[in-house]
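Visitor: The structure that follows is given in the form of structure tokens.
Numbering (the working numbering), first residue to last: 70 to 220.
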């Protein structure tokens with residue numbers, strides 16, 4: 070029973086840690102995207118003005134505006150791809166492994182517990198046929214988990 074509670078506690082803690090890390094990555098992605106947007110707006114206004122005046126001396130003002138718009142879209146795409154590449158999976162892989170081990174341990178404990186319960190039920194069914202003989206078969210499955218707990 071102690072291993073069951075330990076496994077459940079481990080599962081809870083690992084799930085909590087996984088959720089916190091995923092939330093932190095989403096938060097960082099959001100902050101980076103917002104910061105990229107603000108900086109892009111401020112910086113690009115001045116860069117666009119500068120490049121517009123430079124390009125309008127070389128090409129027509131319409132083409133200068135078109136070239137600047139394309140460059141702005143490329144820069145925005147690079148920033149969005151950088152934010153999208155942030156990944157939490159590598160960071161939480163050890164925690165996921167511990168959680169999976171705890172779940173597997175919990176499954177084994179529950180199977181053992183189920184077999185103990187089946188033995189007790191079988192012993193209870195035999196009491197009417199052989200009251201004294203089934204007393205020992207009833208006590209063994211009951212005492213086994215108790216003795217395991219003492220260890």
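Built from N, CA and C at the ideal position, the CB exists for glycine as well.
#1: Whole angstroms is fine: what's the gap from residue 140's alpha carbon to residue 127's?
#2: Since residue 209 and residue 157 should fall inside the 8 Å C-beta cutoff, what is the C-beta to C-beta distance between them, to a whole number of angstroms?
#3: Among 138, 180, 169, whose alpha-carbon lies nearest the alpha-carbon of residue 78?
#4: Is it the case that the Cβ atoms of residue 185 and residue 214 are separated by a distance below 8 Å?
#5: Is residue 83 buried or exposed, if buried means 16 or more other CB atoms sit within 10 Å of its CB?
Guide: The relevant details are as follows:
#1: Against the chain shown, residue 140 aligns to sequence position 71. Against the chain shown, residue 127 aligns to sequence position 58. Rounded to the nearest angstrom, the two C-alpha atoms are 17 Å apart.
#2: Residue mapping note: residue 209 aligns to position 140 of the chain shown, counting from 1. Residue mapping note: residue 157 aligns to position 88 of the chain shown, counting from 1. Approximately 49 Å separates the beta-carbon atoms of residue 209 and residue 157; this is outside 8 Å, ruling out the contact.
#3: In the chain shown, the residue the question calls residue 78 occupies position 9. Closest in C-alpha terms to residue 78, from the list 138, 180, 169, comes 169.
#4: Stepping through the chain shown from its first residue, residue 185 is reached at position 116. Stepping through the chain shown from its first residue, residue 214 is reached at position 145. One thing to note: residue 185 has its Cβ within 8 Å of the Cβ of residue 214.
#5: Counting from 1 along the chain shown, the entry for residue 83 is found at position 14. Residue 83 comes out buried.
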